[in-house]
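Going by our numbering, the letters in the sequence shown line up with residues 232 to 417, in that order.
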Amino acid sequence: MIFVDIVNDTVPELKKVFGVERAPKAAMLKMPKFGGHVVRFTDLIDQLTNMLGYTENLLGAWQLVRKTGRAHIKQQFLEMNQSAKGTNYFAIVANTFIAEFIPYLTGEKEEPNVDDKKKVRFASTYAPLLIADVWRRFFNVIVEQMTDAFEQESHKQSNALNQKALAPHQHVEDDVRKRKKIQAYL
């Protein structure tokens, strides 16, 4: 429900991006674009926590976050609004998760499903303050890396477009050279 709250309350301009502008709250997660994004985000968090917690694959986790940031350049909404307005949508999502999700991990809030109370979700000897601090840092690092990768990819693409605009004949020559190399391998 955190994603539904983000789209409805925190950043309503994202409703159109995810195709849920007319959908009621209860049906939003069933919408293909929005529901798919929620699934991919939860998979990302799951993969990152597994990489960091079980295999200690720091480089793999870092690469996954950077790749995710670069992949968001395909979203024209982000490309046009992320840096132009000074709004960082990655940070908005992370800050909402920090405010809404971390209290469940520290035990400040209880899960709404009472039947599920018998299972201990996160049995820990760590203090709730330490748990909150670690998760806060986790989300902040994700935001920093995704934002940096997004901005680098944006600059890279704009530079490539500028180069094509400035010297289109060079790109034709490069394409011919590449085709000749490919034909030489065949």
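Glycine included, every Cβ here is placed at the ideal spot set by N, Cα and C.
Q | Cα-Cα separation, T286 to I333 | A | 23 Å
**Q.** Distance CB(F249)-CB(F265) smaller than 8 Å
**A.** yes
Q) Does the distance from the CB of I362 to the CB of T337 come in under 8 Å? A) yes
Q. Can we say the stretch 290-310 touches the stretch 382-389, given the rule of at least three CB pairs closer than 8 Å?
A. yes
(Q) Given 7 Å as the limit, tell me if T280 has its C-beta closer than that to any heavy atom belonging to the ligand COA. (A) Ligands are entirely absent from the displayed structure, and the ligand COA is therefore not among its contents.
**Q.** For N239, the three-state DSSP class (helix, strand or coil)
**A.** helix
(Q) Residues in the same chain with beta-carbon distance under 6 Å from M418, minus the five sequence neighbours each way, listed in chain order, please. (A) In the structure as shown, the chain begins at 232 and stops at 417. Residue 418 is therefore absent and cannot be evaluated.
Q. From which residue to which residue does the alpha helix (DSSP H) around E339 run?
A. Unbroken run through E339: none, as it is neither H nor E.
Q) Would I237 be called buried (16 or more neighbouring beta carbons within 10 Å of its own) or exposed? A) buried
Q) To the nearest whole angstrom, what separates the beta carbons of V270 and I373, a pair I think is in contact under 8 Å? A) Going by Cβ atoms, the distance from V270 to I373 rounds to 17 Å, so no, they are not a contact pair.
Q: Determine the burial state of Q401: buried for a count of at least 16 other Cβ atoms within 10 Å of its Cβ, exposed for fewer.
A: exposed
Q.
Using the three-state DSSP reduction, which class does E404 fall into: helix, strand or coil?
A. helix
Q | Straight-line gap, N393 to M311 (C-alpha atoms, nearest Å) | A | 17 Å
Q: Take the Cβ of T421 as the centre, count every other Cβ of all protein chains shown within 10 Å, and call the residue buried at 16 or more, exposed below.
A: A question about residue 421 goes unanswered here, because the residues of the chain that appear run from 232 up to 417.
Q. Around the C-beta of V403, are 16 or more other C-beta atoms found within 10 angstroms, so that it is buried, or is it exposed?
A. exposed
Q | Sub-8 Å separation of A329 and F370 beta-carbons | A | In the sequence as presented, Ala is not what sits at residue 329; that position holds Ile. Yes; because the gap between Cβ atoms is below 8 Å, this pair is in contact.
Q: Note down, in chain order, each residue of its chain lying with its Cβ closer than 8 Å to the Cβ of G291, except the 5 sequence neighbours on either side.
A: M282
Q | First and last residue of the uninterrupted alpha helix (DSSP H) at L279 | A | P263 to G284
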